[in-house]
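Quick note on numbering: my numbering labels position 214 of the sequence shown as 214, and the sequence is numbered without any gaps.
The C-beta atom is built at its ideal place from N, Cα and C for all residues, glycine as well.
A quick note: this is a predicted structure, and the numbers were derived from the prediction, not measured.
In what follows, a structure is listed as structure tokens, so that the remarks can point back to it.
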Amino acid sequence: MHAEKEADCTDVDEVAANTSASAAIIEEKKRRAAVMVHPLHALHELLLQARSPHAALGLVFVLLVCPLLVLLVVRRLATPSTAAVTTRAREELLSRLPSPSKRLPVIGHLHLVGSLPHISLRDLAAKHGRDGLMLLRLGAVPTLVVSSPSAAEAVLRTHDHVFASRPYSPVTEILFYGPSDVAFCPYGEHWRQVKKIATTHLLTNKKVRSYRHAREHEEKVGSPAPFGVHGGARASDVAGGELRAKRLAMVEEMMT
Numbered sequence: 001m002h003a004e005k006e007a008d009c010t011d012v013d014e015v016a017a018n019t020s021a022s023a024a025i026i027e028e029k030k031r032r033a034a035v036m037v038h039p040l041h042a043l044h045e046l047l048l049q050a051r052s053p054h055a056a057l058g059l060v061f062v063l064l065v066c067p068l069l070v071l072l073v074v075r076r077l078a079t080p081s082t083a084a085v086t087t088r089a090r091e092e093l094l095s096r097l098p099s100p101s102k103r104l105p106v107i108g109h110l111h112l113v114g115s116l117p118h119i120s121l122r123d124l125a126a127k128h129g130r131d132g133l134m135l136l137r138l139g140a141v142p143t144l145v146v147s148s149p150s151a152a153e154a155v156l157r158t159h160d161h162v163f164a165s166r167p168y169s170p171v172t173e174i175l176f177y178g179p180s181d182v183a184f185c186p187y188g189e190h191w192r193q194v195k196k197i198a199t200t201h202l203l204t205n206k207k208v209r210s211y212r213h214a215r216e217h218e219e220k221v222g223s224p225a226p227f228g229v230h231g232g233a234r235a236s237d238v239a240g241g242e243l244r245a246k247r248l249a250m251v252e253e254m255m256t
């Protein structure tokens with residue numbers, strides 16, 4: 001009997017322990033759910049307290065974009081990228097070029113360029129240039145001023161492939177996927193192929209002549225018409241709609 005009572009007590013203790021553990025697990029899940037719901041509830045309250053829909057949209061924009069910007073800045077500071085290394089190497093090369101000493105923060109040498117830039121650049125190159133080269137900082141943009149025939153020949157003919165590419169821009173990197181179009185992609189094999197395609201399929205004499213009716217129609221859009229202010233606006237809208245339809249047809253024709 002005594003052994004049976006001890007076994008029953010042991011079973012009761014195990015059940016109580018399991019019940020306590022289950023209760024603790026449930027409480028922990030409730031606490032985590034409350035922690036997850038609380039920020040959403042706070043965001044909902046802030047949106048309800050916004051005075052206008054524009055204020056609510058601005059609040060959502062700030063709450064969503066600001067953390068991403070902070071994360072991007074922290075990531076850039078934590079891990080130096082290849083672009084940062086390239087920028088440092090470029091700055092070391094630019095530091096070897098002659099440059100005016102009167103450089104101001106933010107604007108750089110912009111204050112030295114007067115209302116007649118060609119005369120200002122001529123005078124600056126004569127005073128500070130060396131071998132027909134001079135470096136100016138127009139804001140944050142380094143600008144190379146070439147002022148002699150030999151330097152111009154070296155830039156435009158001998159080393160033209162070095163200066164053929166557009167400067168790097170994060171905007172074009174995002175908007176043009178790389179960039180990979182003929183206007184912004186760097187000089188190289190891809191640019192030569194894209195240029196060849198554009199020249200062959202878009203800029204031939206036959207294709208240019210085929211756009212003549214669209215150009216002539218575009219010249220007429222917005223010209224004075226004897227319909228009054230509102231009538232002229234309506235006529236311009238109709239003509240603009242026709243022009244957009246013709247442009248769409250031309251794009252479809254080029255793609256097929």
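Mind reading off the beta-carbon distance from residue i to residue j? Whole number of angstroms is fine, and I expect it under 8 Å.
| i | j | result |
| --- | --- | --- |
| residue 100 | residue 128 | 5 Å |
| residue 109 | residue 90 | That belief does not hold up - the Cβ atoms of residue 109 and residue 90 are roughly 18 Å apart, past 8 Å. |
| residue 135 | residue 142 | 6 Å |
| residue 126 | residue 145 | Contact flag wrong, Cβ pair sits at about 11 Å. |
| residue 324 | residue 152 | For the chain, the structure presents residues 1 to 256; residue 324 sits outside this window and is missing. |
| residue 182 | residue 195 | 6 Å |
| residue 102 | residue 112 | 6 Å |
| residue 107 | residue 58 | Actually they are not in contact, since the Cβ atoms of residue 107 and residue 58 sit about 31 Å apart, beyond 8 Å. |
What is the DSSP secondary structure of residue i, counted as helix, strand or coil?
| i | result |
| --- | --- |
| residue 185 | coil |
| residue 200 | helix |
| residue 161 | coil |
| residue 178 | coil |
| residue 67 | helix |
| residue 150 | helix |
| residue 221 | coil |
| residue 167 | coil |
| residue 207 | helix |
| residue 216 | helix |
| residue 37 | Residue placement at residue 37 cannot be trusted, given a pLDDT of 45 that sits under 50; the coordinates are not used to answer. |
For the ligand NAP, is there any heavy atom lying closer than 7 Å to the beta carbon of residue i?
| i | result |
| --- | --- |
| residue 195 | Summarising the ligand content, the structure contains no ligands, and the ligand NAP is consequently not present. |
Exercise. What are the uninterrupted segments assigned as alpha helix (DSSP H) that are 4 or more residues long and contained completely in the segment 73-146, given in chain order?
Worked result: 82-94 and 117-128
Exercise. Any chance the segment 184-194 sits against the segment 155-170, with 3 or more Cβ pairs inside 8 Å?
Worked result: yes
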